[in-house]
Amino acid sequence: MTAKKQTAAAGEATFEDAMRRLEEIVERLEHGEVPLEQAMQLYEEGLAVSRVCAEKLKKAELVLKRLTKDAEGNFALTDEEE
Amino acid sequence: MAVTQQQFTVSEITRRIKQVLEGGFASVVVEGELSNLKRHSSGHMYFTLKDEGAQLPAVLWCSRVASLRFAPEDGMKVLCGGRITVYEPRGNYQIDVQSMRPMGLGELQAAFDRLKEKLTAEGLFDQGRKKPLPPFPVRIGIVTSPTGAVIQDMRNVIARRFPGVELILNPVRVQGSGAAEEIAIAVDDFNRYGRVDVLIVARGGGSLEDLWAFNEEGVARAIARSVIPVVSAVGHETDFTIADFAADLRAPTPSAAAELVVPDRREVLENVLNSWYRVRDAVRDIVRTQKNRVHNLLNSYAFNRPIDLLRQQSQRVDELERALVRNAGHGFALTAARHEAVAGRLASLDPGLALRRGYAIVRREGVIVSSRAVLRANDEAEIEFRDGSVRSTIR
């Protein structure tokens with residue numbers, strides 16, 4: 001779990017977070033007495049989150065790197081040649 | 001004329017021999033048969049390695065005896081890794097054995113069973129220890145050989161299914177002397193490095209001997225102590241290794257491991273779309289219900305609130321509904337519909353799905369009723385099922 005925290009901390013919201021939020025929004029809207037104003041807010045957010053998810057799925061060039069370790073035990077990533 | 005020959009004392013010549021032998025055979029692997037095996041009270045083990053033509057005295061220090069995965073016996077064929085040392089007081093040489101493993105299928109199988117039993121008893125393979133894999137890994141660590149088909153196969157599968165990830169290779173030897181140590185260190189290093197979400201430890205198919213590194217205790221322990229979830233993928237479907245039992249998930253092949261760690265992008269996109277349509281439909285229903293309520297109130301002779309307030313609310317609902325229709329038209333739905341392979345599926349994502357799952361929709365005068373509060377006795381309601389509608393009267 002340490003690894004995951006660090007990954008999440010490194011960048012913006014992860015795809016996993018976005019997917020989870022989208023599921024929460026669906027859940028709220030389908031199972032709950034949601035007032036109209038809040039429903040509209042959730043609608044806007046659901047639209048935005050869906051777009052983020054779809055964009056993240058569309059982008060994407062696979063990256064292959066190599067983990068290297070120097071004499072002091074420090075790690076670095078190098079590009080992996082074809 | 002006499003050739004001048006160098007003259008030594010016994011100590012000097014022995015020291016020279018020691019230098020030559022120890023320098024020249026600092027790391028060797030020797031195959032031979034165990035004989036004359038003796039366990040000393042100090043814990044050290046002394047034996048002779050022999051074949052048809054020669055013999056070689058050998059010593060295994062007690063610290064290493066403890067790490068053996070099998071019980072050596074006279075007559076067993078073994079493979080010993082170590083270095084040649086010279087014992088000067090007696091003028092003899094021997095092999096200082098650093099690792100020993102049995103040769104031959106029978107011995108290998110016995111070693112496998114023994115280690116499996118031992119680690120099972122320790123609880124290393126307990127289901128309770130297994131960690132779930134992350135649903136959407138961002139960075140995937142791979143421990144395998146940098147050359148050969150395995151890394152390329154896995155790369156191709158992941159590029160096809162879910163290309164938006166980073167693969168990080170920690171290259172190791174996957175067979176032969178020292179391979180097990182490299183694999184264990186690579187797994188530990190990924191944990192020290194930390195920034196990967198899941199690990200794949202992989203090797204292509206081969207003989208039992210080829211796969212042996214994955215049956216070594218050190219590899220099993222490194223996998224078991226990994227805080228990052230580990231998928232093992234060694235050999236073919238029928239090959240089971242100790243590493244497989246220690247891993248959080250066993251994949252039958254390296255390509256299968258690649259399929260298991262990432263979802264199919266098209267399926268995920270379909271889920272996203274499906275969720276979005278559910279959001280849209282739910283909000284549409286909420287808006288319609290609200291509108292319905294306001295209109296009911298307006299038409300009701302019983303209301304006694306200021307009429308302007310209600311008209312404002314009614315107007316607000318109308319505005320929101322228009323906004324909704326506009327958004328649905330120009331927004332995400334169209335963008336997504338253009339996306340590869342999805343267009344054909346849109347039809348299957350409509351609310352009709354809910355009907356097919358067994359839900360029904362209640363309407364009064366064509367408007368969806370989602371609350372019992374709006375219904376009054378003797379109201380006529382229409383109930384829509386998957387296969388059509390019936391009319392009913394509320395009691």
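Going down the list, the protein sequences come from chains Y and L. Letter by letter, the first sequence follows residues 1 to 82 of my numbering. Letter by letter, the second sequence follows residues 1 to 395 of my numbering. Where is the CB? At the ideal position from N, CA and C, for every residue including glycine.
Query: Can a CB atom of chain Y be found closer than 8 Å to the CB of residue 170 of chain L?; Result: yes
Query: Closest by CA to residue 72 of chain Y, which one among L/76, L/189, L/260, L/84?; Result: L/189
Query: Along chain L, which residues have their Cβ under 8 Å away from the Cβ of residue 66 of chain Y?; Result: 146, 168, 169, 170, 171
Query: At the 8 Å Cβ level, is residue 71 of chain Y part of the contact set with chain L, yes or no?; Result: no
Query: So, is residue 267 of chain L buried or exposed, given that buried needs 16 or more other C-beta atoms within 10 angstroms?; Result: exposed
Query: Mapping DSSP to helix, strand and coil, what is residue 47 of chain L?; Result: strand
Query: May I ask you to list the residues that DSSP assigns as paired with residue 232 of chain L?; Result: L/201, L/250
Query: Compare the C-beta of residue 135 of chain L with all C-beta atoms of chain Y and state if any pair is closer than 8 Å.; Result: yes
Query: Evaluate residue 101 of chain L with the Cβ neighbour count: other Cβ atoms within 10 Å of its Cβ, from every protein chain shown; 16 or more gives buried, anything less gives exposed.; Result: buried
Query: Would you kindly check if the distance between the Cβ of residue 35 of chain L and the Cβ of residue 96 of chain L is under 8 Å?; Result: no
Query: What residue range does the beta strand (DSSP E) around residue 380 of chain L cover?; Result: 380 to 385
Query: Could you pull the start and end residues of the beta strand (DSSP E) that residue 100 of chain L belongs to?; Result: 92 to 102
Query: Tell me which residue opens and which closes the alpha helix (DSSP H) that residue 31 of chain L is part of.; Result: First-last for residue 31 of chain L: 28 to 39, but that is the beta strand (DSSP E), not the alpha helix (DSSP H).
Query: Kindly say whether residue 361 of chain L, judged by its beta-carbon, lies nearer than 8 Å to any beta-carbon of chain A.; Result: Of the chains in the structure shown, none is chain A; the protein chains are Y and L.
Query: For residue 15 of chain L, tell me which candidate among L/92, L/48, L/30 has the shortest Cα-Cα distance.; Result: L/92
Query: Could you tell me if residue 228 of chain L is buried or exposed, where buried requires 16 or more neighbouring beta carbons within 10 angstroms of its beta carbon?; Result: buried
Query: Within 8 Å (strictly less), CB to CB, does residue 24 of chain Y reach chain L?; Result: no
Query: With distances taken from CA atoms, which of Y/76, Y/57, Y/67, Y/62 is nearest residue 16 of chain Y?; Result: Y/57
Query: Could you name the residues of the same chain whose beta carbon sits closer than 7 Å to that of residue 57 of chain L, not counting the 5 residues immediately before and after it, in chain order?; Result: 48, 92, 94
Query: May I have the straight-line CA-CA distance separating residue 69 of chain Y from residue 192 of chain L, to the nearest angstrom?; Result: 11 Å
Query: Kindly indicate if chain Y contains any beta-carbon less than 8 Å away from that of residue 163 of chain L.; Result: yes
Query: Hey, is the stretch 61 to 70 of chain L in contact with the stretch 109 to 119 of chain L, meaning 3+ C-beta pairs nearer than 8 Å?; Result: yes
Query: Sorted by chain position, which residues of the same chain lie with C-beta nearer than 6 Å to residue 173 of chain L's C-beta, five sequence neighbours on each side aside?; Result: 179, 182
Query: Hey, could you find the ends of the alpha helix (DSSP H) residue 55 of chain L is sitting in?; Result: Residue 55 of chain L -> not in any alpha helix (DSSP H); beta strand (DSSP E) instead, spanning 55 to 60.
Query: Report the rounded CA-to-CA distance for residue 65 of chain Y versus residue 139 of chain L, giving the unit in angstroms.; Result: 10 Å
Query: Between which two residues does the alpha helix (DSSP H) harbouring residue 227 of chain L extend?; Result: Premise fails: residue 227 of chain L is in no alpha helix (DSSP H) and is neither H nor E.
Query: Taking the alpha carbon of residue 258 of chain L as the point to measure from, which residue in L/270, L/202, L/11 has its own alpha carbon closest?; Result: L/202
Query: Contact defined as beta carbons within less than 8 Å: I believe residue 59 of chain L pairs with residue 46 of chain L. What is the distance between those atoms, to the nearest angstrom?; Result: 6 Å
Query: Just by C-beta distance, which residues in the stretch 224 to 238 of chain L are closer than 7 Å to chain Y?; Result: 227, 228
Query: Taking 8 Å as the threshold (beta carbon to beta carbon), is residue 276 of chain L in contact with chain Y?; Result: yes
Query: Quick check on residue 396 of chain L: does DSSP put it in helix, strand or coil?; Result: For residue 396 of chain L there is no data in the structure shown, the boundaries of chain L being 1 and 395.
Query: Residue 269 of chain L CB to nearest chain Y CB: under 8 Å?; Result: yes
Query: Distance cutoff 8 Å, beta carbons only. Does residue 189 of chain L sit that close to anything in chain Y?; Result: yes
Query: DSSP state of residue 372 of chain L, grouped into three classes?; Result: helix
Query: Compute the Euclidean distance between the alpha carbons of residue 118 of chain L and residue 213 of chain L, then round it to the nearest angstrom.; Result: 17 Å
Query: Give the DSSP-derived three-state secondary structure of residue 37 of chain Y in the structure shown.; Result: helix
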